[in-house]
Amino acid sequence: MEKIAGCDVANLAKEYGTPLYILDIEAVRKVASDYLSIKNYYPNTRISYASKALSLTALYQVLDAEGIYFDVVSDGEFYSMLNAGVSAEKAYFHGNNKTIDEIKYALQKGVGVIVVDNVDELNTIHEVYSELRLSKKVTIMVRVAPEIEAHTHDFIRTGQRDSKFGVNLENVVGFVKETQKYPEFDFVGFHAHIGSQIFDTDPYHVIIDKLIDIAVDVKNNTGILASVIDIGGGIGIRYTEQDDPPSIREFVSSIAESMKLALKRVNFPIEPMLILEPGRSIVANAGSTVYSVGGIKEIVGLKNYISIDGGMADNPRPITYGAEYSAEIVNKPKKNLKKYSVAGKFCESGDILIKDIDLPEVHKGDLLIVHATGAYNYSMSSNYNRYRKPAMVFVEDSKSRLVLKRETLDDIVRNDIRI
Ligand SMILES: Cc1ncc(COP(=O)(O)O)c(C=O)c1O
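Per the working numbering, the very first residue in the sequence shown carries number 723; after that it's consecutive.
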């Protein structure tokens, strides 16, 4: 790979240094518009980007302009969204244990919707609301533990009864009744999230059916009609050749179809708003990380390591859960391939970014580009070993733009107090 969105990768590395996160904004816009194509089939849909995948002021700006809403799970993500100039009303505030400070901040700023996780949280939100003496109604939804677990290829229908998230099925009617104690709250509907890196669309059809059945049950028992059905995120992306996710356009058209069928099946009296909350699939494939190779270690007959100037601190996914990536050497044709393992620079022998990858002969000073690093890399990065987090550039139309400064040594000691 030599260019991304018309920008020469080697020139980017020279200009901004390495390691460098690169985000192809043309690709991000394309995925956003693929998601929004669902409106052709089911117009009353919102796409709410799960910003935990990559939370960054400039990215909120780009996606806001595309008509995307935002899931936030902390005051930090919410603050970043507001810092981007996005209206607070576009935020869906999730999380299984929002702190009192976070709830206060969200309410004061006029958050769009709070996705309530449990009855204790419902009561806490009300206490904070009363203390703040607010007058505007607060829109709330409930997170349901749907008892479906989906990961990658398979899913288990009763697998998640023990989930830490959400209200279990037998308690949903009771929860909705509780919400009626508080006339200041406007209860609008149900949310569920079934997993991540899912390649199969079947679990989504099951979850739609399940949430619609819940809505019917709640209506029959309480008279309250849900106007929102939120099926979470989780669709997978291609990290390596073995991964085979559906295209986003196919995925959303099948979701819309499934929603219409489910509503028809139970003769649901309205067309509720449908919400999708993709995170990874919006940004993962648009992202890459460029590293410089510092040296090569050949253990004859056993292994060849290439050492790079980053690793588990800028991409903790391989060491955390064995995530796999593909990579190339910039400006070197894929010929006379040799097996290498890509070693990070951090003080953990498990800090291997990629095990056994075929690359052309690698030399000190080469640039290694790792693909599909847009999601859960920067957002999960750390300062381990007092490492300075990398810079990020957006690339589009053959132009690059710095959107995240490389941390400095001063940044590293910013919060230290001398004694
Ligand atoms: C509630 C919720 N919505 C959406 C997402 C986004 O999932 P993904 O990045 O796999 O699309 C997550 C991820 O953990 C989540 O917890």
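Backbone N, C-alpha and C fix where the C-beta goes; we use that ideal spot for every residue, glycine too.
Below 8 Å CB to CB, which residues in the same chain sit around residue i once its five sequence neighbours on both sides are set aside?
i, result
"residue 862", "835, 836, 837, 838, 844, 847, 901, 907, 908, 909 and 910"
"residue 887", "818, 839, 865, 867 and 915"
"residue 1113", "738, 739, 742, 743, 1124, 1126, 1127 and 1128"
"residue 1016", "1029, 1030, 1031, 1067 and 1086"
"residue 735", "742, 1012, 1014, 1052 and 1089"
"residue 854", "826, 829 and 830"
"residue 784", "747, 750, 751 and 1116"
"residue 778", "802, 1100, 1114, 1125 and 1126"
Going by other Cβ atoms of all chains shown within 10 Å of its Cβ, with 16 needed for buried, is residue i buried or exposed?
i, result
"residue 729", "buried"
"residue 770", "buried"
"residue 1050", "buried"
"residue 962", "exposed"
"residue 823", "exposed"
"residue 1080", "exposed"
"residue 799", "buried"
"residue 1130", "exposed"
"residue 1036", "buried"
"residue 919", "buried"
"residue 814", "buried"
"residue 1022", "exposed"
"residue 869", "buried"
"residue 942", "exposed"
"residue 725", "exposed"
"residue 858", "exposed"
"residue 762", "exposed"
"residue 932", "buried"
"residue 765", "exposed"
"residue 731", "buried"
"residue 1024", "exposed"
"residue 970", "buried"
"residue 1109", "buried"
"residue 1162", "In the structure as shown, the chain starts at 723 and stops at 1141, and residue 1162 therefore has no counterpart that could be examined."
"residue 1038", "buried"
"residue 1139", "exposed"
Measuring alpha carbon to alpha carbon, tell me which residue in the options is nearest residue i.
i, options, result
"residue 1084", "814, 1055 and 1073", "1055"
"residue 1128", "725, 727, 742 and 938", "742"
"residue 914", "895, 968 and 890", "890"
"residue 1093", "937, 746 and 1073", "746"
"residue 1091", "1018, 1140 and 1010", "1010"
"residue 1052", "1019, 1013, 1043 and 1038", "1013"
"residue 811", "801, 821, 832 and 795", "832"
"residue 925", "872, 1116, 904 and 950", "872"
"residue 966", "923, 1072 and 1075", "923"
"residue 977", "999, 856 and 1021", "999"
"residue 1102", "749, 773 and 783", "773"
"residue 748", "1119, 1139 and 1134", "1119"
"residue 1060", "1078, 1046 and 1048", "1078"
"residue 1001", "964, 940, 1096 and 945", "1096"
"residue 1004", "904, 756 and 1140", "756"
"residue 1105", "1098, 1121 and 1133", "1133"
"residue 820", "802, 794, 808 and 806", "794"
"residue 892", "986, 860, 935 and 842", "935"
"residue 1046", "1063, 792 and 777", "1063"
"residue 988", "974, 944 and 930", "930"
"residue 954", "985, 903, 964 and 974", "974"
What does DSSP give as the partner residues of residue i in its beta bridges?
i, result
"residue 867", "890"
"residue 743", "1011 and 1114"
"residue 837", "863"
"residue 794", "815"
"residue 913", "865 and 952"
"residue 821", "DSSP, once it has assigned bridges, lists no residue as partnering residue 821."
Which residues in the same chain have their Cβ closer than 6 Å to the Cβ of residue i, if we skip the five residues on either side of it in sequence?
i, result
"residue 780", "1125"
"residue 997", "768, 770 and 952"
"residue 827", "797"
"residue 1150", "In the structure displayed, the chain extends from 723 to 1141; residue 1150 sits before or after that span and is not available."
"residue 982", "none"
"residue 1072", "1041"
"residue 1111", "1103 and 1129"
"residue 1007", "959 and 1094"
Can you give me the Cβ contacts of residue i inside the same chain, cut-off strictly under 7 Å, excluding the 5 residues immediately before and after it?
i, result
"residue 1137", "none"
"residue 1070", "1034 and 1041"
"residue 825", "846, 847 and 850"
"residue 927", "980"
"residue 758", "769 and 789"
"residue 950", "863, 910, 911, 994, 995 and 997"
"residue 940", "894, 895, 898, 946 and 948"
"residue 787", "none"
Item checked: alpha helix (DSSP H) runs wholly inside the region 983-1039, at least 4 long, in chain order -> Those alpha helix (DSSP H) runs which fall completely within the region 983-1039 and span 4+ residues are 1002-1005.
Item checked: Any alpha helix (DSSP H) of 4 or more consecutive residues that is wholly inside the region 1034-1107 -> With a minimum length of 4 residues, the unbroken runs of alpha helix (DSSP H) contained wholly in the region 1034-1107 fall at 1039-1043.
Next item on the list: Please go through the region 922-951 and give each complete alpha helix (DSSP H) segment of 4 or more residues, from N-terminal end onward.
Entry: Taking only runs of at least 4 residues, the alpha helix (DSSP H) segments lying wholly in the region 922-951 are 924-944.
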